[in-house]
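Okay, so here's the structure we're looking at.
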């Protein structure tokens, strides 16, 4: 028997995972492999107001992004690098043309 959450194995007779508080299953589903996404920089910007605007634009266009360095600003004027999947680079550059 196995826990479907933490994937712990239990001896016969056990029916419940005490750690996850869920019922056990006889077989585990195959683990999903993480998909590699090639991220590239589309924009680097330091103005906090523009950072928020860029985020909202990318979200409205449903483009995944990673704001690299956003939490390290600490009141200083340090640029945030916006990374997007390589497949969306051209589209992201077009919609963010006013910021480049």
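In my numbering, the protein residues as written are 1381 to 1480.
Using N, Cα and C, we set each Cβ at its ideal position, and we do this for glycine too.
| Query | Result |
| --- | --- |
| Taking 8 Å as the cut-off, does the segment 1423 to 1435 touch the segment 1401 to 1412 (at least 3 CB pairs, one atom from each stretch)? | no |
| With which residues is residue 1419 paired in a DSSP beta bridge? | 1465 |
| Just to confirm my understanding: we take residue 1468, look at its own chain, exclude 5 residues before and 5 after, and list those with CB closer than 6 Å. What are they? | 1443 |
| Tell me the DSSP bridge mates of residue 1446? | 1463 |
| Is the beta carbon of residue 1399 sitting closer than 8 Å to the one on residue 1386? | yes |
| In chain order, what residues of the same chain lie with their CB nearer than 7 Å to the CB of residue 1446, ignoring the 5 residues before and after it? | 1419, 1463 |
| Going by alpha carbons, who is nearest to residue 1466 out of 1430, 1422, 1393, 1403? | 1422 |
| Could you check what DSSP says for residue 1393 in three-state terms: helix, strand or coil? | coil |
| If we ignore side chains and look at the alpha-carbon of each, how far apart do residue 1388 and residue 1397 end up? | 8 Å |
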